[in-house]
DNA sequence: CAGGAATATAACCGCAAGTGCATGTACTCG
DNA sequence: CGAGTACATGCACTTGCGGTTATATTCCTG
């Protein structure tokens, strides 16, 4: 099972779901409509997210409130860390920083 | 084609390759041995990375030096950004920050 | 020019993932 | 208790991915 956060985020629908849950908990119905998929399809993605620990469910009668649990994203963030300094040409920012230090 | 950075990083072998290239450019042979895959298998992953813009090739006779091009990772970083404050209980850091501000 | 080294591409295979459809389950309400 | 709502699960199907083996390509070297 691709319970790995990286694999889970590979699917755009799943990223979309997480983005929606960032705002507030949602019902399956809402998510289904939002991502334009069948209800079972949505449920399947939610299952994957659940097994990856990225969401939790709070049942309320027949309804299920899905909420975000962002902790597993830390793994991705950690992997990304050693790369982060590389892309944004920090030359300007660095220069500005050094200039500032000179000013002081 | 899953030229999307997210899809590309879904495979551990590809992440491993990037990690190796973070240190220095490498030949296909090195990478092949490092990730314990067949040479064609490695070449395939390199192709995916190439098409995603995550690596570039510098030919030298029959050899190909692969080097890292981390820019596309910025997209992932950007997606991750609105989540980043959430997991690390920044309560302490935030408190310290506010304390500092109070001091000034 | 022949042979070998380094890599890419092609052809093929197995399997898991994503999707739709149909059905099951759990709960509410009249 | 029966019907409807909200969601999960099962099944069938298709596609694409990751892997290997075999082959083509390119270049160096003797």
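Residue numbers (our numbering), protein chains in the order written: chain B, 101 to 204; chain U, 101 to 204. Glycine included, C-beta positions come from ideal geometry on N, C-alpha and C.
Taking a C-beta cut-off of 8 Å against chain U, the contacting residues of the region 157-173 of chain B are 168, 170, 171, 173, listed in chain order. By the Cβ-count criterion, residue 161 of chain B is exposed, with fewer than 16 other Cβ atoms from all chains shown falling within 10 Å of its own Cβ.
Less than 7 Å divides the Cβ of residue 105 of chain B from the Cβ of residue 176 of chain B.
Residue burial annotation: residue 136 of chain U is exposed, with fewer than 16 other C-beta atoms found within 10 angstroms of its C-beta. Apart from sequence neighbours up to five positions away, the residues of its chain that approach residue 121 of chain U with a beta-carbon distance below 7 Å are 155, 166, 167, 168, ordered along the chain. At a Cβ-Cβ threshold of 7 Å, residue 185 of chain U and residue 171 of chain B do not count as neighbours.
Not a single C-beta of chain B is nearer than 7 Å to the C-beta of residue 149 of chain U. In the structure shown, the three-state DSSP call for residue 169 of chain B is coil. With 16 or more other Cβ atoms from the protein chains shown falling within 10 Å of its own Cβ, residue 142 of chain B counts as buried.
With fewer than 16 other beta carbons inside 10 angstroms of its own, residue 181 of chain U counts as exposed. At least one beta carbon of chain B lies nearer than 7 Å to the beta carbon of residue 187 of chain U. About 5 Å separates the CB atoms of residue 107 of chain U and residue 110 of chain B; that is less than 8 Å, so the two are in contact.
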